[in-house]
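For the sequence shown, counting from 1, position 115 maps to 115 in this note's numbering; every step adds exactly one.
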Amino acid sequence: QVQLVESGGGLVQPGGSLRLSCAASRSIFLINRMGWYRQAPGKERELVGFITPDGSTNYADSVKGRFTISRDNTGNTLYLQMNSLKPEDTAVYYCNAQNIYSRASAWGQGTQVTVSS
1 QVQLVESGGG
11 LVQPGGSLRL
21 SCAASRSIFL
31 INRMGWYRQA
41 PGKERELVGF
51 ITPDGSTNYA
61 DSVKGRFTIS
71 RDNTGNTLYL
81 QMNSLKPEDT
91 AVYYCNAQNI
101 YSRASAWGQG
111 TQVTVSS
């Protein structure tokens with residue numbers, strides 16, 4: 001099973017930016033829908049956005065226009081560029097890979113993002 005490792009989280013002031021990375025153990029983008037999820041304390045995990053094998057993206061309304069998902073050409077690294085961060089963006093952010101054929105899903109361990117002054 002593919003291994004996913006997130007990095008790039010940290011503490012940032014409101015209005016600031018962060019870029020998260022998700023490194024996959026092998027090239028997987030051609031057959032996986034890659035998504036970013038987040039979970040705030042006391043809340044359920046929610047979808048932030050995803051990118052399909054053909055490069056189409058989709059975002060939650062709460063982050064639309066502020067967050068951008070991209071990937072590198074090797075098929076190994078996924079990114080989440082987060083701009084104009086708000087305190088309500090504070091959460092643990094998870095990377096997810098879902099095989100478009102088998103629906104098998106893999107998760108990273110998560111990275112903490114804290115938006116606070």
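Just so it is clear, CB atoms sit at the ideal spot from N, CA and C, and this is done for glycine as well.
Quantities reported herein were computed from a predicted structural model and do not represent experimental measurements.
Alpha-carbon to alpha-carbon, Cys22 and Arg38 = Here residue 38 corresponds to residue number 38 of the sequence shown, with the count starting at 1. Here residue 22 corresponds to residue number 22 of the sequence shown, with the count starting at 1. As the crow flies, the alpha-carbon of Arg38 is around 14 Å from that of Cys22.
Which of the three DSSP states, helix, strand or coil, is assigned to Glu88?
-> Locating residue 88 in the sequence shown gives position 88, where the first residue counts as 1. DSSP, reduced to helix, strand and coil, places Glu88 within a helical segment of the structure shown.
Contact the stretch 74 to 90 vs the stretch 8 to 20: 3+ CB pairs below 8 Å = Between the stretch 74 to 90 and the stretch 8 to 20 there are three or more inter-stretch CB-CB distances shorter than 8 Å, so the stretches are counted as touching.
Bounding residues of the beta strand (DSSP E) (the contiguous stretch that carries Ser102) | For this step, residue 102 is matched to residue 102 along the sequence shown. For Ser102, there is no enclosing beta strand (DSSP E), since its DSSP letter is neither H nor E.
N-terminal and C-terminal residue of the beta strand (DSSP E) that Glu6 is part of | What you label residue 6 is simply residue 6 of the sequence shown in a count that begins at 1. Counting along the chain, the beta strand (DSSP E) containing Glu6 begins and ends at 4 to 7.
Quick one: what's got a C-beta closer than 6 Å to Asn76's C-beta in the same chain, skipping five residues either side?
-> Residue mapping note: residue 76 aligns to position 76 of the sequence shown, counting from 1. Apart from the 5 residues on each side of it in sequence, Asn76 sits with its Cβ closer than 6 Å to the Cβ of Ala24, Ser27 in its chain, given in chain order.
Rank Gly42, Gly49, Leu78, Gly65 by C-alpha distance to the C-alpha of Ser7 and give the top, closest one.
-> Stepping through the sequence shown from its first residue, residue 7 is reached at position 7. If we check each option's Cα against that of Ser7, Leu78 comes out closest.
Which term fits Ala104, buried or exposed, when burial requires 16 or more other beta carbons within 10 angstroms of its beta carbon?
-> Here residue 104 corresponds to residue number 104 of the sequence shown, with the count starting at 1. With fewer than 16 other Cβ atoms within 10 Å, it is exposed.
DSSP three-state call for Ala124: helix, strand or coil?
-> As shown, the chain starts at 1 and ends at 117. That puts residue 124 outside it, with no answer to give.
Relative to the alpha-carbon of Phe29, which residue among Gly10, Ala40, Gly42, Leu4 has its alpha-carbon at the smallest distance?
-> Start at 1 with the first residue of the sequence shown, and residue 29 comes out as number 29. The shortest C-alpha to C-alpha distance from Phe29 to any of Gly10, Ala40, Gly42, Leu4 is the one to Leu4.
In whole angstroms, what separates the C-alpha of Leu47 from that of Ala40?
-> For this step, residue 47 is matched to residue 47 along the sequence shown. For this step, residue 40 is matched to residue 40 along the sequence shown. One C-alpha to the other measures close to 12 Å.
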